[in-house]
Amino acid sequence: MSTQTVAIIDYGSGNLHSAAKAFERAAHEAGLDGTRIALTSDPDIVASADRVVLPGVGAYADCRRGLDAVPGMVEAMTHAAKERGRPFLGICVGMQLLATRGLEYEVTPGLGWIPGDVAPIRPSDPDLKVPHMGWNTLQADRDQALLDGIPTGENGLHAYFVHSYALNAEDPVDVVARSSYGGPVTALVARDNVAGTQFHPEKSQRLGLALIANFLRWKP
Amino acid sequence: MLKTRIIPCLDVKDGRVVKGVQFLELRDAGDPVEAAKAYDAAGADELCFLDITASHEDRGTLLDVVSRTAEACFMPLTVGGGIRTLADIRTLLLAGADKVSINTAAVKDPDFVAAGAVKFGSQCIVVAIDAKRTSAPGEPASWQIFTHGGRTPTGIDAIEFARKMAALGAGELLVTSMDRDGMRSGYDLALTRAIADAVSIPVIASGGVGGLDDLVAGVREGGASAVLAASIFHFGQHTVREAKLHMAAAGLSMRLDEMEARR
């Protein structure tokens with residue numbers, strides 16, 4: 002059995018306990034028992050990991066500051082994703098940080114791996130509440146390994162969202178799936194070995210565990 | 012399309028469910044983790060634990076419950092009861108809660124809500140508004156905030172308070188009618204609607220559900236984004252499945268993923 006280490010980056014943001022548990026469960030259910038989930042703030046572990054996950058909840062600028070506050074972490078992530086080509090998954094604000102910049106409260110530079118801005122959601126229907134909170138379906142724009150075997154469309158499975166800002170990708174090819182909330186909302190992006198979900202797979206029951214299992218098997 | 016959420020709420024005291032729970036598949040009816048698993052399997056969209064433990068020293072028991080639930084249920088979990096400090100919030104989030112529900116502390120110190128939203132993000136700050144109708148019949152409707160389980164009036168207007176909480180950064184409001192709580196006569200729809208119309212954040216209707224039509228009315232007439240109920244599920248009167256199918260049949264958009272997986 003092949004072994005692999007999945008580094009979930011701990012930079013003081015979010016509910017990492019449940020993220021780690023969901024990855025452990027998904028690995029087990031997918032028969033990937035050689036998968037080791039490492040919740041870590043150690044850049045060396047991230048740099049040498051087989052797969053890297055960047056979670057994130059809260060405000061964009063806070064998350065960016067938190068990430069920058071761990072010496073060497075951005076470099077380690079960049080090394081793993083860009084030089085070693087390791088599969089990389091951003092979740093929620095972790096996904097938004099893949100963009101060029103965030104416009105929440107102040108302009109904050111992102112990693113720039115998926116060109117675009119993170120801007121407020123403005124549903125066309127003024128009765129729609131913000132944050133976009135709850136379970137929504139996905140509309141796939143194209144095939145992508147993370148969606149393998151996952152029913153999408155109005156009658157597909159649901160993902161759990163909670164956010165007030167969304168990534169507007171410059172290149173539409175980077176957008177794999179959208180959700181509909183008074184207009185299209187970017188739900189899943191991917192470019193080469195880097196992917197990100199606006200929704201929370203670790204909170205999305207069946208769809209979430211299936212997507213995490215796909216990530217753990219992904220060979221971009 | 013975004014779906015209407017059904018949120019079963021469990022009252023937890025000293026690590027046990029206080030109200031009886033009657034699920035056939037439950038071995039230990041009093042264990043909140045077992046109850047959470049059953050609701051998870053039944054297709055609940057979120058779960059809410061309300062800790063009514065009298066003493067603060069027993070907090071460790073609740074944290075253990077939250078932690079074991081988060082290991083088994085991959086759905087959003089809200090925990091409320093006795094949250095007073097940023098450290099309380101952090102401890103619950105680290106244990107596995109996704110959101111915290113703040114009640115008395117939000118009334119006593121509204122800035123606490125703002126501090127929580129800045130520190131942990133609006134998405135995890137739910138403000139629980141317990142309100143009682145204070146207008147006489149025939150007068151324009153008005154409601155007042157009560158604390159300490161509905162015993163202590165504050166003189167604060169519920170609608171104004173809701174607006175203020177949203178402005179301070181609450182991500183969601185859990186609106187409970189103290190007049191209706193436990194009465195099984197339906198939500199106070201006028202209260203729910205007045206608050207839902209006053210704020211741009213999601214409102215959860217709570218307090219008074221007696222039957223499945225009450226859940227439909229909470230959304231249709233109350234304008235709620237989610238409906239919370241305790242007794243109708245705990246006492247085996249209805250399952251979450253039945254509730255979802257009933258609401259879907261009434262034309263509301265519901266998430267039926269887990270149910271279809273088990274057919």
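Chains as they are written, first to last, in my numbering: chain A, 2 to 221; chain B, 12 to 274.
In this text, a Cβ means the ideal position worked out from N, Cα and C, and glycines have one as well.
Because the structure is a prediction, the values reported are computed rather than measured.
The beta strand (DSSP E) runs lying completely inside the stretch 168-239 of chain B and spanning 3 residues or more are 183-188 and 214-217, given in chain order. Residues of the same chain with a CB within less than 8 Å of the CB of Pro116 (chain A), apart from the 5 flanking positions on each side, are Ala100, Thr101, Ala170, Glu171, Asp172 and Asp175 in chain order. In this structure Ile38 (chain A) touches Ala21 (chain A) by the C-beta definition: roughly 5 Å separates them, less than 8 Å. Remark: fewer than three beta-carbon pairs, one from each stretch, lie closer than 8 Å, so the stretch 103-112 of chain B and the stretch 33-48 of chain A are not flagged as touching.
Taking Ala82 (chain A) as reference, the option from A:Lys204, A:Leu33, A:Val53 and A:His29 with the minimal CA-CA separation is A:Val53. Per DSSP, Asp149 (chain A) is not a residue of any beta strand (DSSP E), being assigned neither H nor E. With a threshold of 16 other beta carbon atoms within 10 Å, Lys119 (chain B) falls short and is exposed. Between the stretch 124-131 of chain A and the stretch 194-204 of chain A, the count of Cβ pairs shorter than 8 Å is below three; the stretches do not touch. Here Val108 (chain A) is exposed, its C-beta having fewer than 16 other C-beta atoms within 10 Å. Along the stretch 179-200 of chain A, the positions whose C-beta sits under 7 Å from a C-beta of chain B are Ser181 and Tyr182, read in chain order.
When DSSP reads this structure, Ala170 (chain A) sits in a beta bridge with A:Gly117. Not one beta carbon of chain A lies nearer than 9 Å to the beta carbon of Cys20 (chain B). Cα atoms of Gly41 (chain B) and Arg191 (chain B): separation of roughly 25 Å, rounded to the nearest angstrom. Around Ala106 (chain B), the beta-carbon contacts reaching into chain A at under 8 Å are His18.
Looking only at A:Ala211, A:Gly209, A:Leu55 and A:Gly150, the smallest Cα-Cα distance to Thr79 (chain A) is reached by A:Leu55. For Glu183 (chain B), the nearest beta carbon of chain A is closer than 9 Å to its own beta carbon. When DSSP states are grouped into helix, strand and coil, Lys110 (chain B) belongs to the strand group.
The alpha carbon of Gly103 (chain A) has as its nearest neighbour, out of A:Asp193, A:Ser181 and A:Ala60, the alpha carbon of A:Ala60. Close to chain B, meaning a Cβ-Cβ distance shorter than 8 Å, are the following residues of the stretch 206-217 of chain A: Gln206, Arg207, Leu208, Gly209 and Leu210. Taking C-beta separations shorter than 6 Å and ignoring five residues to either side along the sequence, the partners of Ile243 (chain B) in its chain run Val220 and His249, following chain order. Counting only runs of at least 3 residues, the stretch 51-84 of chain A fully encloses the following beta strand (DSSP E) elements, listed from N- to C-terminal order: 52-55.
The beta-carbon separation of Ala173 (chain B) and Ala128 (chain B), rounded to 15 Å, does not stay under the 8 Å limit for a contact.
In this structure Ser188 (chain B) does not touch Pro213 (chain B) by the C-beta definition: roughly 18 Å separates them, more than the 8 Å allowed. Among the residues facing chain B, Leu148 (chain A) is not included, as its CB has no counterpart in that chain under 9 Å away.
With 16 or more other CB atoms across the displayed protein chains lying within 10 angstroms of its CB, Phe89 (chain A) is buried. Straight-line spacing of the CA atoms in Phe162 (chain A) and Gly57 (chain A) works out to 13 Å. Membership of Gln155 (chain B) in the beta strand (DSSP E) is indicated by the continuous run Trp154 to Thr158. The beta carbon of His159 (chain A) falls within 9 Å of a beta carbon belonging to chain B, placing the residue at that interface. What Pro132 (chain A) touches in chain B, judged by beta-carbon distance under 9 Å, is Ser133, Gln134, Gly182, Glu183, Ile212 and Pro213, going in chain order.
Contact annotation for Arg16 (chain B) against chain A: Gly135 and Trp136 [CB-CB distance below 8 Å, chain order].
Interface residue (Cβ-Cβ distance to chain A less than 9 Å): Lys130 (chain B) is classified as such.
Around Ala241 (chain B), the same chain offers Cys20 as residues with beta carbons nearer than 6 Å, after the five sequence neighbours per side are excluded. Bridge partners of Arg102 (chain A) according to DSSP: A:Pro110 and A:Asp118. When secondary structure is reduced to three states using DSSP, Leu88 (chain B) falls in the strand class. Shortest Cα-Cα distance from Thr4 (chain A) to any of A:Arg66, A:Leu33 and A:Trp219 involves A:Leu33. Boundaries of the alpha helix (DSSP H) around Gln206 (chain A): Gln206 to Arg218.
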